[in-house]
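Participant: With the sequence shown counted from 1, adding 67 to any position gets you our numbering.
Quick reminder that beta carbons are idealized off the backbone N, C-alpha and C, glycines included.
On a predicted model such as this, the values are computed, not experimentally measured, just so you know.
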Amino acid sequence: MFESDALEGYLSAVPVPALFPAQMAAIAAGATLDDTRVIALPTSSGKTFIAELRIVATLTRNPGTRAIYVAPYRLLSRQVERQLRPGLRAAGLAIRDLGSGYDPSALPSDDVADVIVCTPERLDGLMRLAASSAAGHTEAADFLDNCSVLVFDELHLIGRPGRGPRFELILARLRMRNPDLKLLGLAAATHGSQELSEWLGDEPLSPRSGRPTGTLELVWETDGTIKQRAFQANPSTVMSMPRRTAIDDAAVLLLRLNDEYMPALAICVSRPRAESLAKKVLKGSAVKGEQWRTSLTHDQWRTVLTAIEEVRALLGENHPLAQMMNSGIAFHHAGVPTHALEQIERLVRRGLLRVVCATTTVAEGADMPFRVVVIPHLNFPGPSRRLERDLYLNIIGRAGRANVAVEGMVFILDSDSKMLSGLVRNSLWQTSARDVLRGQLNNVSLGPATVEEWNDFADIESQVLAWLTDPSSYVEGQALALSEQTFSYDQGNNSEKQTVTYIVDQLMCHLETDGYAVAGSPLRATARGSIAQLTGLSLPAVHRLSLAVERGRDGWMSQLPGTMHLTSQVAELVARMTFEAPEVFQHGLWFRRNAKAADAWDALSRFAYQADTEHLGSTDHELDIQLFTDWLMGASYARLAEMADVAQAATALFGGQDESKRISDATEYIGKLVYPASWVWSGAQIVAGELGDTFPSFIRGAIEYGVPNETCVQLIERGRLTRRAALTISGLSDAGWDEATTWLLGDGNVDDAAALLTRADGERLRDLRDALEFEE
68 MFESDALEGY
78 LSAVPVPALF
88 PAQMAAIAAG
98 ATLDDTRVIA
108 LPTSSGKTFI
118 AELRIVATLT
128 RNPGTRAIYV
138 APYRLLSRQV
148 ERQLRPGLRA
158 AGLAIRDLGS
168 GYDPSALPSD
178 DVADVIVCTP
188 ERLDGLMRLA
198 ASSAAGHTEA
208 ADFLDNCSVL
218 VFDELHLIGR
228 PGRGPRFELI
238 LARLRMRNPD
248 LKLLGLAAAT
258 HGSQELSEWL
268 GDEPLSPRSG
278 RPTGTLELVW
288 ETDGTIKQRA
298 FQANPSTVMS
308 MPRRTAIDDA
318 AVLLLRLNDE
328 YMPALAICVS
338 RPRAESLAKK
348 VLKGSAVKGE
358 QWRTSLTHDQ
368 WRTVLTAIEE
378 VRALLGENHP
388 LAQMMNSGIA
398 FHHAGVPTHA
408 LEQIERLVRR
418 GLLRVVCATT
428 TVAEGADMPF
438 RVVVIPHLNF
448 PGPSRRLERD
458 LYLNIIGRAG
468 RANVAVEGMV
478 FILDSDSKML
488 SGLVRNSLWQ
498 TSARDVLRGQ
508 LNNVSLGPAT
518 VEEWNDFADI
528 ESQVLAWLTD
538 PSSYVEGQAL
548 ALSEQTFSYD
558 QGNNSEKQTV
568 TYIVDQLMCH
578 LETDGYAVAG
588 SPLRATARGS
598 IAQLTGLSLP
608 AVHRLSLAVE
618 RGRDGWMSQL
628 PGTMHLTSQV
638 AELVARMTFE
648 APEVFQHGLW
658 FRRNAKAADA
668 WDALSRFAYQ
678 ADTEHLGSTD
688 HELDIQLFTD
698 WLMGASYARL
708 AEMADVAQAA
718 TALFGGQDES
728 KRISDATEYI
738 GKLVYPASWV
748 WSGAQIVAGE
758 LGDTFPSFIR
768 GAIEYGVPNE
778 TCVQLIERGR
788 LTRRAALTIS
798 GLSDAGWDEA
808 TTWLLGDGNV
818 DDAAALLTRA
828 DGERLRDLRD
838 ALEFEE
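So this is what it looks like as structure tokens:
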């Protein structure tokens, strides 16, 4: 495979599995060569291993260079870093996860790894930093210039609304900045590989075989008939069972499965439905749950108990998730804390769960060994309000993963809804025409009328502004020059090409009108625009932050330098600062309760452009501030749920009296706030200029993790401890990390403290102590 002795040594040092036919076809077509390639392989065909081979080969042939692996989801980025680490270590290469959120901060001060894993948003922040004059810009530019290969996973997502236009503009900017950079795109085999290859200037690598495992696809129709998909023929009837409700029927299917079909995955359209299905499966699992427990070895059961202990520590002793896991059942969605999600994923990989009911995050690129997938509903969130074919192909790829089972099974519960009727046969099971991928940039509205349209508009405007700060933008005909590099323009018809160019041109005019750019043959960002582009935020957010910073510059913000612990007063001011941005405000209680669907955009627009101060002083907005303040001070999800008033509708956010539902509400509520809020705080630091450079670096982490001091942030980032454990250790040691490090290295301190923690956190704390001793 390789001519290099070093590469041969790498292959002999790692347990290389037998290659699947599709992998061999990709390698034969040049996937490991130093060229731009799009790898179009079926799900579960080993795309990540091909990426590992490419990275090792390229960095070996080009010593001293680096690689970037872009993963579009947090779950996927964690998984990729974990999967690549052993093989890269065998090749003498270091890998580092740079995080998942937008962050324009400098690269880590210690040695930058040979391979970094990040989301597209983190790559965006790195590119913006490199084009700026901010601290760390030289290192960021050097890193990008020294990158010899960039891997972009799930590249076909460029064709989806929402983040798709952002992805294609990030790649367009990167390719204009680094025209010699080689890309390896990883895409679903049946969806858009040819279009993506044409855009990147590569010949498509068409797979020469299907998935290494078979997939048995069945639909349970509304009349009770269960039919099996048959290629080149009509579906064949297998059996009949009466239908009731979708949730009841999905539970029946999951409970009928034998042990050989476990673990099984149910993909649900929402968090409440995932939990409802899990509860129904638990209700019918009295016998099967006991049988499952007795089938486990002592070590296996100990592993399960360790996970349950952590879930109870995070969500409460009697939380339903812990009770479900005791019977081999779990739910997985945005209302579950990260550490609990990781425990669930770990149990699935070890075959120590029977059923997982999840939202679509698990379907997007997750490599977990499910044997059966059940799809209870077809009305998925999104513009079309139904399950799209590309997502369906990803979902069924979860069933029958390679090296786990020779065949996977998928059950679809059909619907008689007028909007969904015929979806299975006419779209999901359709094979008569090739799937064509198209960009979504031409669909961005210059006159947004919904919150979603405004978010898309603001995002693309920020991308255009970022490009204007890069030297690659110093060309004539700027709107056309940038447009021509996008996927939407490249694959569009004449009308779509004109639309893309018009949108970019109008955004440039808007930036000039608002003072973020100035005509100077060509158009360039002003000083104000240079600050705004580095924040990565919407222009209204930057304007509102500028005003808020000026109000706090001579007061509380001037007292931040040197702070290692947030007081409740400072935490409240930080919370108020983050809620100045529309990106955060739209996820708060006031907006979600007071802005009805019909006028949500109008309410957000009035807030964004400071035409309305209706929220100020309102009970809901003050509750937003109080809840987020207490989150920063370390309040548990259960405590936050207690603080929130009861909404009128039982199904609404914080509605009803069900404690576990309200805790899940609190987790999801905070989860939707912390990502944009930490981003906004970084923006506030940039807007504050030299004063912002003196702000304690831990505050961004404090916002993301919900902890009040430097030690807690370090314990979570370096030791992967839970919030509860980090708060405990910081209370025993010190708020400052230097002093806390001394305490951690003291005789017996860690062992004594571990007794106060869960088993998992105790092990993490000991591992951190060992790492600190090694550094010493």
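#1: Suppose you measure from the CA of Pro-274 to the CA of Asp-687; what does that come to, to the nearest Å?
#2: On the DSSP bridge list, what partners appear for Gln-295?
#3: Determine the closest residue to Ser-337 out of Gly-402, Ala-380 and Trp-668, with distance taken between C-alpha atoms.
#4: Nearest-angstrom Cα distance between Gly-829 and Leu-839?
#5: What did DSSP end up calling Pro-274 once you bin it into helix, strand or coil?
#6: Label Phe-87 either buried or exposed according to how many other C-beta atoms from any shown protein chain fall within 10 Å of its C-beta, with 16 as the threshold for buried.
#7: Which residue spans inside the segment 124-196 form an unbroken alpha helix (DSSP H) run of at least 4?
#8: On a Cα-Cα basis, can you pick out the residue from Leu-740, Met-391, Leu-683 and Gly-773 that is closest to Ala-702?
#9: Which of the three DSSP states is assigned to Glu-455 in this structure?
#10: Taking 8 Å as the threshold, find out whether the segment 520-527 comes into contact with the segment 489-503 through three or more Cβ pairs.
#11: Measuring alpha carbon to alpha carbon, tell me which residue in Gly-226, Arg-240 and Glu-221 is nearest Leu-193.
#12: Report, in whole angstroms, the separation of the C-beta atoms of Leu-285 and Val-477, which I expect to be a contact under 8 Å.
#13: Please list the segments of the beta strand (DSSP E) lying wholly inside the segment 297-362, counting only runs of 3 or more residues, in order along the chain.
#14: Start and end of the beta strand (DSSP E) containing Glu-709?
#15: Under 8 Å, do Ile-314 and Leu-349 count as touching if we go by C-beta distance?
#16: In the DSSP assignment, the beta strand (DSSP E) including Met-644 goes from what residue to what residue?
#17: Using the Cα positions of Leu-8 and Ala-92, report the straight-line distance between them to the nearest angstrom.
#18: Need the endpoints of the alpha helix (DSSP H) that Lys-249 sits in, please.
#19: Could you tell me if Asp-483 is buried or exposed, where buried requires 16 or more neighbouring beta carbons within 10 angstroms of its beta carbon?
#20: With which residues is Val-422 paired in a DSSP beta bridge?
#21: Is the distance from the Cβ of Pro-139 to the Cβ of Glu-221 below 8 Å?
#22: Would DSSP call Phe-437 helix, strand or coil?
#23: Closest to Phe-116 by C-alpha separation, out of Trp-746, Ala-297, Asp-366 and Leu-251, would be which residue?
#24: Along the chain, which unbroken stretches of the alpha helix (DSSP H) at least 4 residues long are found entirely within the segment 501-587?
#25: With a threshold of 16 other CB atoms inside 10 Å of the CB of Arg-417, please say whether the residue is buried or exposed.
#26: How is the alpha helix (DSSP H) around Ser-215 delimited, first residue to last?
#27: Taking the Cβ atom as the reference point for each residue, do Val-518 and Ala-667 lie within a distance shorter than 8 Å?
#28: If you draw a straight line from the C-alpha of Lys-564 to the C-alpha of Ala-755, how long is it?
#29: Mind reading off the beta-carbon distance from Val-216 to Thr-125? Whole number of angstroms is fine, and I expect it under 8 Å.
#30: Val-567 and Leu-508: beta carbons closer than 8 Å?
#31: Hey, Gln-600 and Leu-513: beta-carbon distance below 8 Å or not?
#32: Short of 7 Å in beta carbon distance, which residues of its chain neighbour Glu-206, apart from the five on each side in sequence? Order them along the chain.
#33: Report, in whole angstroms, the separation of the C-beta atoms of Leu-224 and Lys-114, which I expect to be a contact under 8 Å.
#34: Look at Asp-164 and Val-184 and say whether their C-beta atoms are less than 8 Å apart.
#35: Locate the beta strand (DSSP E) running through Phe-478, then write down its first and last residues.
#36: Rounded to a whole number of angstroms, what is the C-alpha to C-alpha distance between Arg-149 and His-610?
Facilitator: Result, derived from the coordinates:
#1: Since pLDDT at Pro-274 reaches only 49, below the 50 mark, its modelled position is unreliable, and the value read off the structure follows with that caveat. So the two alpha carbons sit approximately 54 Å from each other.
#2: Answer by DSSP bridge pairing, in chain order: Leu-285 and Ser-303.
#3: Gly-402
#4: One Cα belongs to Gly-829, the other to Leu-839, and the distance between them is close to 15 Å.
#5: Unreliable positioning characterises Pro-274 in this predicted model, as indicated by a pLDDT of 49, which lies under 50. The coordinate reading is nonetheless provided below. If DSSP states are grouped into helix, strand and coil, Pro-274 belongs with coil.
#6: Phe-87 comes out buried.
#7: The qualifying runs are 141-157.
#8: With distances taken between Cα atoms, Ala-702 lies closest to Gly-773.
#9: Three-state DSSP puts Glu-455 in coil, outside helix and strand.
#10: no
#11: Arg-240
#12: 7 Å
#13: The segment 297-362 contains these whole beta strand (DSSP E) runs: 303-307 and 331-334.
#14: It is not in any beta strand (DSSP E) - Glu-709 instead sits in the alpha helix (DSSP H) that spans 704-710.
#15: Result no, Cβ atoms of Ile-314 and Leu-349 do not sit closer than 8 Å.
#16: Per DSSP, Met-644 lies in no beta strand (DSSP E) segment; the continuous alpha helix (DSSP H) that holds it begins and ends at 635-645.
#17: Any property of residue 8 remains undetermined from this structure, which presents the chain solely from 68 to 843.
#18: No alpha helix (DSSP H) contains Lys-249, which is instead part of the beta strand (DSSP E) from 249-255.
#19: exposed
#20: Ala-331 and Ile-396
#21: yes
#22: strand
#23: Leu-251
#24: 518-535, 545-551, 554-558 and 561-580
#25: exposed
#26: Not the alpha helix (DSSP H): Ser-215 falls in the beta strand (DSSP E), residues 214-219.
#27: yes
#28: Going from the Cα of Lys-564 to the Cα of Ala-755 covers about 39 Å.
#29: 4 Å
#30: When the beta-carbon positions are compared, Val-567 and Leu-508 come within less than 8 Å of each other.
#31: no
#32: Ala-173 and Leu-174
#33: Not really, about 14 Å apart at Cβ, beyond 8 Å.
#34: yes
#35: 474-480
#36: 40 Å
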